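The numbering of the sequence shown is this note's numbering, which starts it at 12 and goes up by one.
Don't be surprised by glycine CBs; every beta carbon is placed ideally from N, CA and C.
Remember, predicted model here, so these are calculated numbers, not experimental data.
Right, one structure below, let's go through it.
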Amino acid sequence: MKISVLDLSDRDGLRELHRSGLAAHRHDRPWAPFWSEEEVLAMFRADDPEERLVPLLARADDGTVLGSAIVFVTLLD
Numbered sequence: 012m013k014i015s016v017l018d019l020s021d022r023d024g025l026r027e028l029h030r031s032g033l034a035a036h037r038h039d040r041p042w043a044p045f046w047s048e049e050e051v052l053a054m055f056r057a058d059d060p061e062e063r064l065v066p067l068l069a070r071a072d073d074g075t076v077l078g079s080a081i082v083f084v085t086l087l088d
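Given below as structure tokens:
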């Protein structure tokens with residue numbers, strides 16, 4: 012397994028992150044609201060002076076997506 016930080020220009024990788032997060036968020040709760048793909052892209056590309064978002068994607072050796080995460084890094088503390 013490899014965990015990597017996604018390049019914000021990697022739209023396919025960000026789509027995979029969104030699909031992974033959506034599947035996890037709606038597991039056993041198919042009605043639960045979740046960010047749209049466009050909202051996720053906008054969040055990562057926003058120039059926020061207070062925090063930075065770091066997208067992570069975990070893949071198996073064959074490239075299969077196993078999971079994803081978003082690290083929120085505060086910049087003011």
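- Burial check for residue 74: the Cβ neighbour count within 10 Å stays below 16, so the residue is exposed.
- Setting aside the 5 residues that flank it on each side, residue 52 is surrounded in the same chain by 22 and 25, each with a C-beta closer than 8 Å to its C-beta; the list follows chain order.
- Segment contact: the stretch 58 to 74 against the stretch 40 to 49, fewer than three CB-CB distances shorter than 8 Å; contact not assigned.
- Between residue 64 and residue 79 the beta-carbon gap is near 12 Å, outside 8 Å, which marks them as no contact.
- Judged by DSSP secondary structure, residue 31 falls within the alpha helix (DSSP H) whose first and last residues are 22 to 36.
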